[in-house]
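The block underneath contains the structure these notes are about, expressed in structure tokens.
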Amino acid sequence: MQIPRNPTRAVPVGSVTIGAGNPIVVQSMCATKTTHVEATVEQIERLWVAGAGIVRVAVDNRADARALAEIRRRTGANLSVDLQENYRLAEQVAPWVDKIRYNPGHLYHHEPQRAWQDKVRAIVDAAADGDCALRVGVNCGSVDPAKRPKYADDDLINPMLESAWDHCELLDSIGFTRYCVSLKDSDPARVVAANHRFAGQRPDVPLHLGVTEAGMPPEGVFKTRRALEPLLADGIGDTLRVSLTVPNARKQEEVEAGLQILADLAAGRLSTAAGAEAAAEPTGLDIISCPSCSRVENERFVELAGEIREMTRYAAACPITIAVMGCRVNGPGETDHADLGVWCGPRHVRLKRGTEVVGSFDYDEILGRLKTELDRLIASRNASPQ
Ligand code: SF4
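Following this note's numbering, the numbering of the sequence shown begins with 2 at its first residue and continues without gaps.
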């Protein structure tokens with residue numbers, strides 16, 4: 002089945018081109034420590050062999066940036082780098098990668114007195130010198146703080162869109178058009194709405210599709226399909242990632258899931274049209290969990306996410322959201338919209354009820370504490386008048 006695609010610009014990334022009618026590129030991201038060169042190269046190769054057209058690696062500091070130079074020497078994969086908060090590393094990493102991803106919401110963490118436009122210009126200079134493409138990667142949990150107060154608390158779409166449009170306008174005005182945009186959220190319906198609106202206004206800009214913190218398979222794949230299938234069927238999206246919480250040895254499942262979505266789409270097998278399990282809107286308990294990355298400080302994170310899924314099965318029918326995040330940096334923000342949230346540090350796990358921190362607990366006691374909070378929440382909801 003040939004689906005007409007949006008007439009997007011061509012964005013070359015190493016040996017592949019995103020947009021302009023080229024085959025949709027499936028991406029994935031390493032969850033190894035970037036400074037563990039051996040393990041990272043091994044994971045890159047596994048993802049590449051599985052069919053990833055681009056593999057992303059996170060860079061947090063100068064040691065990671067130095068490791069990237071060695072990683073580049075050892076792999077022929079098309080590499081993208083995630084700058085996380087540290088935009089100043091762009092110059093250091095650009096010679097070793099094919100694409101740089103920055104998050105507009107993270108540009109405020111360092112040098113808050115410096116205008117975001119200057120920071121983007123610095124990233125653009127590095128990308129142009131290094132022959133790299135860019136991705137403006139907007140996430141619902143980390144938008145430009147200046148955008149939030151303009152909209153209602155529960156409006157998560159407009160701040161994301163405004164942020165993306167502002168950055169596109171700036172990049173275009175600089176004359177740097179080798180970029181794509183992503184608008185990710187953990188809620189598939191919001192991903193569909195945000196990408197539809199963006200594509201309506203900027204059909205020329207290639208879109209990287211994905212549901213952030215989709216969680217563990219198979220639910221994480223179903224959730225991703227609910228967002229990606231309707232978008233792809235409308236000709237929206239030039240590259241995609243299925244973000245899954247899986248152990249390092251199973252990371253290639255992200256690529257396999259992405260390729261399967263594209264194969265099903267080409268064969269006209271849309272699960273969202275067929276009313277299959279993948280299409281069913283979850284009405285009960287929803288666990289959102291991050292795919293992990295080099296920032297995970299305790300490898301028990303993935304195991305813990307699985308244990309939380311098992312422990313909470315008794316509450317499957319309750320419309321409650323639990324967020325499980327792998328690190329202290331993004332954990333606090335990314336759990337804000339969940340009813341209960343946990344994020345993992347090296348030795349302790351923080352527990353949150355809404356935006357309020359309940360406390361910090363050992364890995365061995367967190368399940369019990371989370372269950373106590375879950376039971377309280379269920380009881381309070383049962384007690385409140387309908
Ligand atoms: S929440 Fe932290 S560990 Fe998880 S993917 Fe995001 S940055 Fe990486």
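Virtual Cβ for every residue (Gly too), placed ideally from N, Cα, C.
Item: With DSSP run on the structure shown, which of helix, strand or coil describes PHE362?; Value: strand
Item: Take LYS151 and list the residues in its own chain whose beta-carbon comes closer than 8 Å to its own, dropping the five residues that flank it on each side.; Value: ASN159, PRO160, GLU163
Item: Looking at the unbroken alpha helix (DSSP H) that takes in MET326, where does it start and where does it end?; Value: Premise fails: MET326 lies in the beta strand (DSSP E), 322-326, not in any alpha helix (DSSP H).
Item: Cutting at 6 Å between CB atoms, please list the residues of its own chain near ARG63, excluding the five before and the five after it.; Value: none
Item: Helix, strand or coil for CYS169, going by three-state DSSP, please let me know.; Value: helix
Item: Taking 8 Å as the threshold (C-beta atoms), are ARG102 and ALA83 in contact?; Value: It is worth fixing the name first, because residue 83 is Asp in this sequence and not Ala. Yes, the pair counts as a contact, with Cβ atoms nearer than the cut-off.
Item: Assign SER381 to buried or exposed, taking buried as 16 or more other Cβ atoms, counted over all protein chains shown, within 10 Å of its Cβ.; Value: exposed
Item: Are LEU305 and VAL330 closer than 8 Å when you measure CB to CB?; Value: no
Item: If I'm right that ALA200 touches LEU208 with Cβ under 8 Å, what's the distance once you round it to whole angstroms?; Value: 6 Å
Item: Using beta-carbon positions only, say whether GLN118 and TRP166 come within less than 8 Å of one another.; Value: no
Item: Nearest to GLU92 by alpha carbon, out of ARG310, ALA128, GLN85, ALA78?; Value: ALA128
Item: In the DSSP assignment, find the alpha helix (DSSP H) that holds ASP83 and state where it starts and stops.; Value: Here ASP83 belongs to no alpha helix (DSSP H); instead the beta strand (DSSP E) covers 80-83.
Item: Can you tell me the Cβ-Cβ gap for LEU371 and LEU341, rounded? I've got them flagged as a contact below 8 Å.; Value: 7 Å
Item: Sorry if obvious, but does the Cβ on SER381 come closer than 7 Å to a heavy atom of the ligand SF4?; Value: no
Item: With a threshold of 7 Å on Cβ separation, who are the neighbours of GLY52 within its own chain once the five nearest residues in sequence on each side are excluded?; Value: VAL27, VAL256, LEU260
Item: Identify which residue in PRO333, ASP365, ASP363 has its Cα closest to the Cα of GLY355.; Value: PRO333
Item: Per DSSP, what kind of secondary structure is HIS338 in: helix, strand or coil?; Value: coil
Item: Checking the sheet assignment: what are the DSSP bridge partners for TRP117?; Value: In the DSSP output, where bridge partners are listed per residue, TRP117 has none listed.
Item: Rounded to the nearest angstrom, what separates ALA275 and SER183 at their Cα positions?; Value: Only weak support exists for where ALA275 lies, its pLDDT of 47 falling under 50; the value from the coordinates is given anyway. So the two alpha carbons sit approximately 27 Å from each other.
Item: Tell me the start and end of each unbroken beta strand (DSSP E) in the segment 221-245 that is at least 3 residues and wholly inside, in chain order.; Value: 240-242
Item: Among THR246, PRO189, HIS197, which one has its Cα closest to the Cα of MET217?; Value: THR246
Item: Which residue's Cα is closest to the Cα of SER295: VAL60, VAL50, VAL17?; Value: VAL60
Item: PRO248 to SER174, Cα distance in whole Å?; Value: 42 Å
Item: Would you kindly check if the distance between the Cβ of LYS100 and the Cβ of LEU108 is under 8 Å?; Value: no
Item: So the beta strand (DSSP E) ASP99 belongs to, where does it begin and stop?; Value: Segment: none, ASP99 is in no beta strand (DSSP E) and carries neither H nor E.
Item: Does DSSP put ALA275 in a helix, in a strand, or in coil?; Value: A caution first: ALA275 carries a pLDDT of 47, below 50, which makes its placement in the model unreliable, though a value can still be read off. Correct three-state label for ALA275: helix.
Item: Expressed to the nearest angstrom, what Euclidean distance is found between the alpha-carbon atoms of ARG251 and ASN79?; Value: 20 Å
Item: I'd like the span of the alpha helix (DSSP H) that includes ILE45, first residue to last.; Value: 38-51
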